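A.B. asks: Residue numbers (the numbering used here), protein chains in the order written: chain A, 7 to 409; chain B, 7 to 409.
Every residue, glycine too, gets a C-beta built ideally from N, C-alpha and C.
For clarity, every value in this text was computed on a predicted model and none was experimentally measured.
1. For residue 110 (chain A), report the span of its alpha helix (DSSP H) as first-last.
2. Please report the straight-line C-alpha distance between residue 162 (chain A) and residue 25 (chain A), rounded to a whole angstrom.
3. Under the rule that 16 or more other beta-carbon atoms within 10 Å means buried, what is residue 377 (chain A), buried or exposed?
4. Taking only the alpha-carbon atoms, compute the straight-line gap between residue 229 (chain A) and residue 17 (chain B) and give it to the nearest angstrom.
5. Name the chain A residues whose beta carbon is nearer than 7 Å to that of residue 405 (chain B)?
6. So within the segment 60–116 of chain A, which uninterrupted alpha helix (DSSP H) runs reach at least 4 residues, ignoring any that extend past its ends?
7. In angstroms with no decimal places, state the Cα-to-Cα distance between residue 136 (chain B) and residue 184 (chain A).
8. Could you compute how far the alpha carbon of residue 15 (chain B) sits from the alpha carbon of residue 157 (chain A)?
9. Could you tell me which of A:382, A:164, A:175 sits nearest to residue 306 (chain A), measuring between CA atoms?
10. Tell whether a beta-carbon distance below 8 Å holds between residue 399 (chain B) and residue 76 (chain A).
11. Could you give the distance in angstroms between the alpha-carbon of residue 23 (chain A) and the alpha-carbon of residue 70 (chain B)?
12. Tell me the DSSP secondary structure of residue 397 (chain A) in three-state form.
13. Going by beta-carbon coordinates alone, are residue 198 (chain A) and residue 379 (chain A) separated by less than 8 Å?
14. For the beta strand (DSSP E) that residue 19 (chain B) lies in, which residues bound it at each end?
15. Please name the residue in B:187, B:120, B:259 whose C-alpha comes closest to that of residue 88 (chain B).
16. Does any C-beta atom of chain B lie closer than 8 Å to the C-beta of residue 306 (chain A)?
17. Note down the Cα distance separating residue 116 (chain B) from residue 210 (chain A), rounded to an integer number of angstroms.
18. To the nearest angstrom, how far is the alpha carbon of residue 362 (chain B) from that of residue 118 (chain B)?
19. Comparing C-alpha positions only, which one of A:50, A:173, A:51 sits nearest to residue 2 (chain B)?
20. Can you tell me which of A:178, A:222, A:219 puts its alpha carbon nearest to the alpha carbon of residue 207 (chain A)?
21. How many angstroms separate the CA atom of residue 275 (chain A) from the CA atom of residue 132 (chain B)?
22. With burial defined as no fewer than 16 other Cβ atoms inside 10 Å of the residue's Cβ, what is the status of residue 37 (chain A): buried or exposed?
23. Under the three-state reduction of DSSP, which class applies to residue 180 (chain B): helix, strand or coil?
24. Residue 243 (chain A) and residue 295 (chain A): beta carbons closer than 8 Å?
25. Give a yes or no on whether 8 Å exceeds the smallest Cβ distance from residue 324 (chain A) to chain B.
26. Hey, residue 408 (chain B) and residue 348 (chain B): beta-carbon distance below 8 Å or not?
27. Using only the alpha-carbon positions, how far apart do residue 292 (chain B) and residue 84 (chain A) sit?
28. Compare the beta carbon distance of residue 142 (chain A) and residue 159 (chain A) with 8 Å and say whether it is the shorter of the two.
29. Less than 8 Å between the C-beta atoms of residue 392 (chain B) and residue 32 (chain B), yes or no?
30. Check the C-beta distance from residue 224 (chain A) over to residue 289 (chain A) and give it rounded, since I have them as a contact under 8 Å.
31. Scan the segment 109–166 of chain B and note each continuous beta strand (DSSP E) run of 3 residues or more that stays entirely inside, going in chain order.
32. Based on the DSSP secondary-structure assignment, which residues constitute the bridge partners of residue 33 (chain A)?
33. Are any of the Cβ atoms in chain B nearer than 8 Å to that of residue 86 (chain A)?
34. Quick one: measure Cβ to Cβ for residue 34 (chain B) and residue 12 (chain B), integer angstroms, because I've assumed they're closer than 8 Å.
35. Residue 144 (chain A): buried (16+ other C-beta within 10 angstroms of its C-beta) or exposed?
36. Given a threshold of 16 other Cβ atoms within 10 Å of its Cβ, counted over all protein chains shown, does residue 299 (chain B) qualify as buried or as exposed?
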């Protein structure tokens, strides 16, 4: 076991916010207050940008009531950033951290943020800077390597399942084709979670398209038409990241913006949904076709977070602080215990294992027809979302109209 | 007081669903079970279409548990329709109702549905058909004449306020310009309700655009730029129905579909949001611009309905049955008692008073700059949404970085 370093800590949030990313932040802060090795607790505003610009706040000056209120609030309470540090940025970051006597650096985020921590850690080693760097996992996409699932996913998945529950009822009331576009650049977990919206056998989503399988426009139109002929309606849920057989995202045809990690901007536009609606109107010749893009609500909607997800998000923050004090740099991974009852545990893993790379939906979770999920996925995802709203439906005893 | 007619009743739902339209349905059914004058209780599937096609269910065969489960479920449990009856349709409807000995006809919906009831009532009088026709108010747009507000609005408004609360936090974490498009063809109430999302003085929505005021693209770009320069970010909420000085909806430029009541389809497309985002990117030269169109979730999202709205929706269903038994045909209006504490009462009003026409936001609710609401609107709307989620924010004591 490594020697506990005594000094200050700095924590920040990065990448896309989630409904429970503040739980991890507050989990880390509350744990840090218990650790003798940790003195001052700095929060950097907007990720590493706050360090570079000297925009930091003192998290020891926040009351417990405020900490708890922030924990229960969606989005990143410290602000976020999408920024990959250059070696020059790292040198400036180390200079700032040295001035502040920071020995512990915590960064909450997804795989791009893990890459940032990995870069900072490697540069620290290279430059002989003594700082423990810990990545705290967060991503609604559920695409971090090493993790059974990631904090943020359960709540976003709960939003998606609830939204599709409601949308299926809406589509049942006013039948037609409804296309819902869900976040998820390369991993289909969030889109797949819409399957948990099903209560009755004829409930939507009737079709689910994931980025893990090639998306073919003609096949899509044929699938929709088949469901429409059978049920007189169809709810299809599509990942924003669906790509053709060559791996090119369908949305890339009409969206051009790219961030510093090289990702094309897919969210914040209704273009993909509108394109797919047009496809159905033309190819399947169905007139009432609507598309909704769930957008940023999936990661920021208040008051509906999954209780399990909230608890686990809090735990990864706590665990990161505990591990940082007693070991080296790393990331916290969420593991599931084998067995019937849902139980998790947490483990420290090397940064390089989670940095940058994307975890995809395993084949066992995707139905052979490539337009649905399997029961194995439902069993995997169900405990993460928590109980969903009850849906009432009439028995509907038909009345014979007398002649 | 008119004589109580003894016979069967038929109830149906029409137009866009809401989160609480089933409360009105169940309120009416439960009240009808108490009325001696009412014998069988038929539910018509998909509005008047169910009568014409003989698709009816027996609502006396549903258990209380099912009735209550349906009441708490969003969207129209009997299915809905958008159909304006022709005089020929009415003759066929009367023939069906005669075969079923229906003397009470209840139709839950907005102003187009009220128009349908009005037409059926007028045709019944003309054809000497003895049937009491009652309209039960429902519209998320809050645009029914005679009503202080309409069942369905409070819950949709609550969704919009919650969504913008979360979205404001998301935009605060990753600053840029965010445009949210909200339902509301001619009335801006739902868009206006986003103002209730504000907790802190710098919270969004920073700008609100309503269909009641002419929308000018240049003025919009200048407004957004001004907010962006002041706060480094901007959340603008825009009604789907915003129109130019000539009264032409901005969305009509790119959407062509029209329903049988002559309404252009505005929802179910992200085109308006994407158009406005492009305007800002080009005219205000801001790069991070995102648009979300809240879409059908506004009227169908489960488990977040306003408690006040749910209760009132139940009451208008009850009241319609009571009034139908003791008076003539009509509609139920929701009135607010003057005074500080929020209290409502219900009154029967003539069908012609609510049919077809739209109630707009009064001038007193719209800020003179045409890009916000007034405190009078906030006071009006607040009790309808019920308590909103608590939002935590750090005090944020800044840390001086030593030189």
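C.D. replies: Reading off the structure:
1. For the purposes of this step, residue 110 (chain A) is taken as residue 104 along the first chain, with counting starting at 1. It is not in any alpha helix (DSSP H) - residue 110 (chain A) instead sits in the beta strand (DSSP E) that spans 108–115.
2. The sequence position of residue 162 (chain A) within the first chain is 156, counting from 1. The sequence position of residue 25 (chain A) within the first chain is 19, counting from 1. Straight-line Cα distance between these residues: approximately 7 Å.
3. In the first chain, counting from the first residue as 1, residue 377 (chain A) sits at position 371. It counts as buried.
4. Within the first chain, residue 229 (chain A) is the residue found at index 223, counting from 1. Within the second chain, residue 17 (chain B) is the residue found at index 11, counting from 1. Their Cα atoms are separated by approximately 35 Å.
5. Taking the first residue of the second chain as 1, we reach residue 405 (chain B) at position 399. 48, 62, 63, 64, listed in chain order.
6. 70–77, 93–105
7. As a working mapping, residue 136 (chain B) is identified with position 130 in the second chain. As a working mapping, residue 184 (chain A) is identified with position 178 in the first chain. Each residue's alpha carbon lies about 41 Å from the other.
8. Within the second chain, the letter at position 9 stands for residue 15 (chain B). Within the first chain, the letter at position 151 stands for residue 157 (chain A). Each residue's alpha carbon lies about 52 Å from the other.
9. The residue given as residue 306 (chain A) occupies position 300 in the first chain. For the residues A:382, A:164, A:175, the minimum Cα distance to residue 306 (chain A) belongs to A:164.
10. Along the second chain, read from residue 1 onward, the residue named residue 399 (chain B) stands at position 393. Along the first chain, read from residue 1 onward, the residue named residue 76 (chain A) stands at position 70. Yes; because the gap between Cβ atoms is below 8 Å, this pair is in contact.
11. The residue you call residue 23 (chain A) lines up with position 17 of the first chain. The residue you call residue 70 (chain B) lines up with position 64 of the second chain. Going by the C-alpha atoms only, they are around 43 Å apart.
12. Residue numbering aside, residue 397 (chain A) sits at position 391 when the first chain is read from its first letter. DSSP places residue 397 (chain A) in coil when its eight states are reduced to three.
13. Residue numbering aside, residue 198 (chain A) sits at position 192 when the first chain is read from its first letter. Residue numbering aside, residue 379 (chain A) sits at position 373 when the first chain is read from its first letter. A contact, by the Cβ cut-off of 8 Å.
14. For the purposes of this step, residue 19 (chain B) is identified with residue 13 of the second chain, where counting begins at 1. Element bounds for residue 19 (chain B): 13–19.
15. As a first step, residue 88 (chain B) must be located in the second chain, where it is residue number 82. Selected option, being the one with the closest Cα: B:120.
16. Working through the first chain from its first residue, we reach residue 306 (chain A) at position 300. For residue 306 (chain A), the answer is yes, since a Cβ of chain B falls inside 8 Å of its Cβ.
17. Counted from its first residue, the second chain places residue 116 (chain B) at position 110. Counted from its first residue, the first chain places residue 210 (chain A) at position 204. Between residue 116 (chain B) and residue 210 (chain A), the C-alpha separation is close to 26 Å.
18. For the purposes of this step, residue 362 (chain B) is identified with residue 356 of the second chain, where counting begins at 1. For the purposes of this step, residue 118 (chain B) is identified with residue 112 of the second chain, where counting begins at 1. Using only the alpha carbons, I get a separation of about 5 Å.
19. The displayed coordinates of chain B run from 7 to 409. Any statement about residue 2 (chain B) would go beyond what the structure contains.
20. Position 201 of the first chain holds residue 207 (chain A). Comparing Cα positions, the closest option is A:178.
21. Residue mapping note: residue 275 (chain A) aligns to position 269 of the first chain, counting from 1. Residue mapping note: residue 132 (chain B) aligns to position 126 of the second chain, counting from 1. Those two C-alpha atoms are separated by around 52 Å.
22. In the first chain, counting from the first residue as 1, residue 37 (chain A) sits at position 31. Counting Cβ neighbours within 10 Å, residue 37 (chain A) comes out buried, since at least 16 surround it.
23. By 1-based counting over the second chain, the position of residue 180 (chain B) is 174. Three-state result, residue 180 (chain B): coil.
24. Along the first chain, one-based indexing puts residue 243 (chain A) at 237. Along the first chain, one-based indexing puts residue 295 (chain A) at 289. No, these two residues do not count as a Cβ contact at 8 Å.
25. The residue given as residue 324 (chain A) occupies position 318 in the first chain. Judged by the 8 Å Cβ criterion, residue 324 (chain A) is not in contact with chain B.
26. The residue given as residue 408 (chain B) occupies position 402 in the second chain. The residue given as residue 348 (chain B) occupies position 342 in the second chain. Going by C-beta atoms, residue 408 (chain B) is not nearer than 8 Å to residue 348 (chain B).
27. Numbered from 1 along the second chain, position 286 holds the residue referred to as residue 292 (chain B). Numbered from 1 along the first chain, position 78 holds the residue referred to as residue 84 (chain A). The alpha-carbon atoms of residue 292 (chain B) and residue 84 (chain A) are separated by roughly 23 Å.
28. Translated into the one-based positions of the first chain, residue 142 (chain A) becomes position 136. Translated into the one-based positions of the first chain, residue 159 (chain A) becomes position 153. Going by C-beta atoms, residue 142 (chain A) is not nearer than 8 Å to residue 159 (chain A).
29. Within the second chain, numbered from 1, the residue matching residue 392 (chain B) stands at position 386. Within the second chain, numbered from 1, the residue matching residue 32 (chain B) stands at position 26. Taking 8 Å as the Cβ cut-off, residue 392 (chain B) and residue 32 (chain B) do not qualify as a contacting pair.
30. Along the first chain, one-based indexing puts residue 224 (chain A) at 218. Along the first chain, one-based indexing puts residue 289 (chain A) at 283. The Cβ separation is near 7 Å, so the contact holds.
31. 138–143
32. Within the first chain, the letter at position 27 stands for residue 33 (chain A). DSSP, once it has assigned bridges, lists no residue as partnering residue 33 (chain A).
33. Numbered from its first residue, the first chain carries residue 86 (chain A) at position 80. Chain B contact via Cβ: present.
34. Here residue 34 (chain B) refers to the residue found at position 28 when the second chain is read from its first residue. Here residue 12 (chain B) refers to the residue found at position 6 when the second chain is read from its first residue. The Cβ separation is near 18 Å, so there is no contact.
35. As a working note, residue 144 (chain A) is residue 138 in the first chain. The residue in question, residue 144 (chain A), is buried, as its Cβ has 16 or more Cβ neighbours within 10 Å.
36. As a position in the second chain, residue 299 (chain B) is number 293, starting the count at 1. Result: buried.
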